[in-house]
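J.:
Residue numbers (the numbering used here): 411 to 759.
1. To the nearest angstrom, how far is it from the Cα of residue 488 to the Cα of residue 512?
2. Could you check if residue 473 is buried or exposed, using at least 16 other CB atoms within 10 Å of its CB as the buried criterion?
3. Please return the same chain residues whose Cβ sits closer than 7 Å to the Cβ of residue 435, not counting the five positions on each side in sequence.
4. How should residue 508 be labelled, buried or exposed, when 16 other C-beta atoms within 10 angstroms of its C-beta is the threshold for buried?
5. For a test of the three-state rule: what should DSSP assign to residue 634, helix, strand or coil?
6. Give me, in chain order, the residues of the same chain whose beta-carbon lies closer than 6 Å to that of residue 712; leave out the 5 immediate sequence neighbours on both sides.
7. At the level of alpha carbons, what is the spacing between residue 605 and residue 470?
8. Do you know how far the Cα of residue 595 is from the Cα of residue 550?
9. To the nearest angstrom, report how far apart residue 709 and residue 506 are at their CA atoms.
10. Helix, strand or coil: how does DSSP classify residue 440 here?
11. Taking just the CA atoms, how far does residue 618 sit from residue 590?
12. Give the straight-line distance between the Cα atoms of residue 536 and residue 504, rounded to the nearest whole angstrom.
13. Which whole-angstrom value is the C-beta distance of residue 463 and residue 521, which I expect to be below 8 Å?
14. Excluding the five sequence neighbours on either side, which residues of its own chain have a C-beta within less than 6 Å of the C-beta of residue 652, listed in chain order?
15. Residue 490 by DSSP, collapsed to three states: which one?
16. Pairs of beta-carbons, one from the stretch 443-458 and one from the stretch 632-644, closer than 8 Å: are there three or more?
17. So, at 6 Å on beta carbons, what are the nonlocal neighbours of residue 510 in its own chain, with the 5 sequence-adjacent residues on each side left out?
18. Among 599, 609, 523, which one has its Cα closest to the Cα of residue 565?
19. Quick check on DSSP: helix, strand or coil for residue 602?
20. Quick one: is residue 544 buried, meaning 16 or more other Cβ sit within 10 Å of its Cβ, or exposed?
21. Just to confirm, is the Cβ distance from residue 448 to residue 642 under 9 Å?
22. Using the Cα positions of residue 603 and residue 610, report the straight-line distance between them to the nearest angstrom.
23. Which first and last residues belong to the alpha helix (DSSP H) in which residue 448 is found?
24. Assuming residue 418 contacts residue 541 (C-beta within less than 8 Å), just tell me the rounded distance between them.
25. What is the residue span of the beta strand (DSSP E) that residue 609 lies within?
26. Among 559, 493, 567, 526, which has the Cα closest to the Cα of residue 763?
27. Could you round the C-beta distance between residue 626 and residue 644 to whole angstroms and report it? I think they count as a contact, below 8 Å.
28. Please list the terminal residues of the continuous alpha helix (DSSP H) segment that includes residue 508.
29. How is residue 535 classed by DSSP in three states: helix, strand or coil?
Here is the structure:
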């Protein structure tokens with residue numbers, strides 16, 4: 411596993427990174443040098459990725475690029491490609507087998523089934539790469555799952571095995587159902603939703619990308635170029651500091667994020683400190699640019715009990731101005747500190 415991570419970092423990292431074991435978190439990506447705000451941290455192609463059902467007819471199955479002139483696979487009549495080169499690359503990576511499976515079944519399985527099947531086919535063709543090695547060693551949280559969840563995964567595993575067998579030349583190439591169950595569990599808590607700006611277009615599995623832990627006070631954000639994962643630093647990151655991204659929508663309330671992360675990823679954020687690196691900052695005094703006035707805008711933590719007092723991802727925005735000795739306040743709006751600090755609404759006074 412350590413060797414696989416070293417190979418992966420050498421291939422995808424854009425700055426010096428290392429992996430450390432942190433109690434309560436396991437393996438974590440840590441900066442091995444100072445990382446500047448806006449600096450690219452990694453750029454990684456997925457082990458496997460698949461388009462969402464509503465994107466199959468408008469995007470290239472290999473590059474995930476949107477195009478009005480796509481070439482359709484003549485046999486399966488499912489996958490479409492932006493060029494002959496993209497189609498050939500997909501064929502070499504395993505679509506030859508998937509095409510046969512689609513023809514044999516006469517239907518298109520769910521994205522999850524297709525994704526895991528692609529992982530197995532690619533491993534069969536290319537052997538155990540560093541991406542596969544990292545994937546099979548990711549935590550699956552099997553022991554924490556309910557019996558119902560395990561039964562649901564087992565039912566999907568049977569379908570995955572059938573789909574893989576339909577595309578394999580030899581029946582003995584088919585994976586064991588128990589192995590598929592654990593890999594489905596890994597997908598559920600380590601897969602990345604691939605987005606184009608604000609819309610979900612597919613799902614993928616990344617080796618190094620899967621090592622980023624969640625934080626509600628993240629220091630990196632991730633986006634996608636086609637199906638390629640790109641992680642960029644949001645602020646200066648000191649040597650030895652853990653790199654983190656967000657697994658959930660930071661515009662949601664703290665208790666909603668906690669509930670979602672506990673259900674989907676099996677960890678609790680109740681003890682997490684929000685905005686820890688901002689605690690020494692003075693209270694922001696901002697100039698309103700919405701109407702050209704110089705009204706003061708204050709960020710404050712006097713909010714309802716269900717919002718974490720230190721939660722900078724969700725704060726109340728209050729505009730105060732003198733009006734005949736009275737104070738008029740407009741509040742209750744959920745706003746992102748990142749959005750405010752971008753200068754889109756206001757500048758620091």
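Cβ coordinates follow ideal geometry from the N, Cα and C atoms, glycine included.
T.: Judging by the given coordinates:
1. The residue labelled residue 488 in the question sits at position 78 within the chain shown. The residue labelled residue 512 in the question sits at position 102 within the chain shown. So the two alpha carbons sit approximately 8 Å from each other.
2. One-based indexing of the chain shown puts residue 473 at position 63. So residue 473 ends up on the buried side.
3. Locating residue 435 in the chain shown gives position 25, counting from the first residue. Result list for residue 435: 623, in chain order.
4. By 1-based counting over the chain shown, the position of residue 508 is 98. Buried, because 16 or more other Cβ atoms sit within 10 Å of the Cβ of residue 508.
5. Here the question's residue 634 lines up with position 224 in the chain shown. In this structure, residue 634 counts as strand in the three-state DSSP scheme.
6. Start at 1 with the first residue of the chain shown, and residue 712 comes out as number 302. Its pLDDT being 38, under 50, residue 712 is placed unreliably by the model, and nothing is read from it.
7. For the purposes of this step, residue 605 is taken as residue 195 along the chain shown, with counting starting at 1. For the purposes of this step, residue 470 is taken as residue 60 along the chain shown, with counting starting at 1. C-alpha separation (whole angstroms): 14 Å.
8. Here residue 550 refers to the residue found at position 140 when the chain shown is read from its first residue. Here residue 595 refers to the residue found at position 185 when the chain shown is read from its first residue. Looking at the two C-alpha atoms, the distance is approximately 5 Å.
9. Counting from one through the chain shown, the residue named residue 709 turns up at place 299. Counting from one through the chain shown, the residue named residue 506 turns up at place 96. Confidence at residue 709 is low in this model, with a pLDDT of 36, below 50, so its placement is unreliable and the value that follows should be read with caution. Spanning the two alpha carbons is a distance of roughly 56 Å.
10. As a working note, residue 440 is residue 30 in the chain shown. Three-state DSSP puts residue 440 in a strand.
11. Indexing the chain shown from 1 puts residue 590 at position 180. Indexing the chain shown from 1 puts residue 618 at position 208. So the alpha carbons of these two residues sit roughly 22 Å apart.
12. The sequence position of residue 536 within the chain shown is 126, counting from 1. The sequence position of residue 504 within the chain shown is 94, counting from 1. About 9 Å.
13. Here residue 463 corresponds to residue number 53 of the chain shown, with the count starting at 1. Here residue 521 corresponds to residue number 111 of the chain shown, with the count starting at 1. Indeed they touch by this definition, with Cβ atoms about 7 Å apart.
14. For the purposes of this step, residue 652 is identified with residue 242 of the chain shown, where counting begins at 1. Here the set comprises 438, 440.
15. To locate residue 490, count along the chain shown from 1; it is residue 80. Correct three-state label for residue 490: strand.
16. yes
17. Stepping through the chain shown from its first residue, residue 510 is reached at position 100. So the list reads 577, once near-sequence residues are dropped.
18. Working through the chain shown from its first residue, we reach residue 565 at position 155. The candidate whose alpha carbon is nearest that of residue 565 is 523.
19. Within the chain shown, residue 602 is the residue found at index 192, counting from 1. Strand at residue 602.
20. In the chain shown, the residue the question calls residue 544 occupies position 134. Residue 544 comes out buried.
21. If you number the chain shown from 1, residue 448 lands on position 38. If you number the chain shown from 1, residue 642 lands on position 232. Yes, the pair counts as a contact, with Cβ atoms nearer than the cut-off.
22. Locating residue 603 in the chain shown gives position 193, where the first residue counts as 1. Locating residue 610 in the chain shown gives position 200, where the first residue counts as 1. Cα to Cα, residue 603 sits roughly 7 Å from residue 610.
23. As a working note, residue 448 is residue 38 in the chain shown. Counting along the chain, residue 448 falls outside any alpha helix (DSSP H), and DSSP gives it neither H nor E.
24. Mapped onto the chain shown, residue 418 falls at position 8. Mapped onto the chain shown, residue 541 falls at position 131. About 7 Å separates the two Cβ atoms, so the contact holds.
25. To locate residue 609, count along the chain shown from 1; it is residue 199. Here the beta strand (DSSP E) through residue 609 covers 609-615.
26. This structure cannot settle anything about residue 763, because the visible part of the chain is limited to 411 through 759.
27. Locating residue 626 in the chain shown gives position 216, where the first residue counts as 1. Locating residue 644 in the chain shown gives position 234, where the first residue counts as 1. The Cβ separation is near 13 Å, so there is no contact.
28. Within the chain shown, numbered from 1, the residue matching residue 508 stands at position 98. Taken as a continuous stretch (DSSP letters only), the alpha helix (DSSP H) holding residue 508 covers 506-515.
29. On the chain shown, residue 535 is found 125 positions in, with the first residue counted as 1. It is helical.
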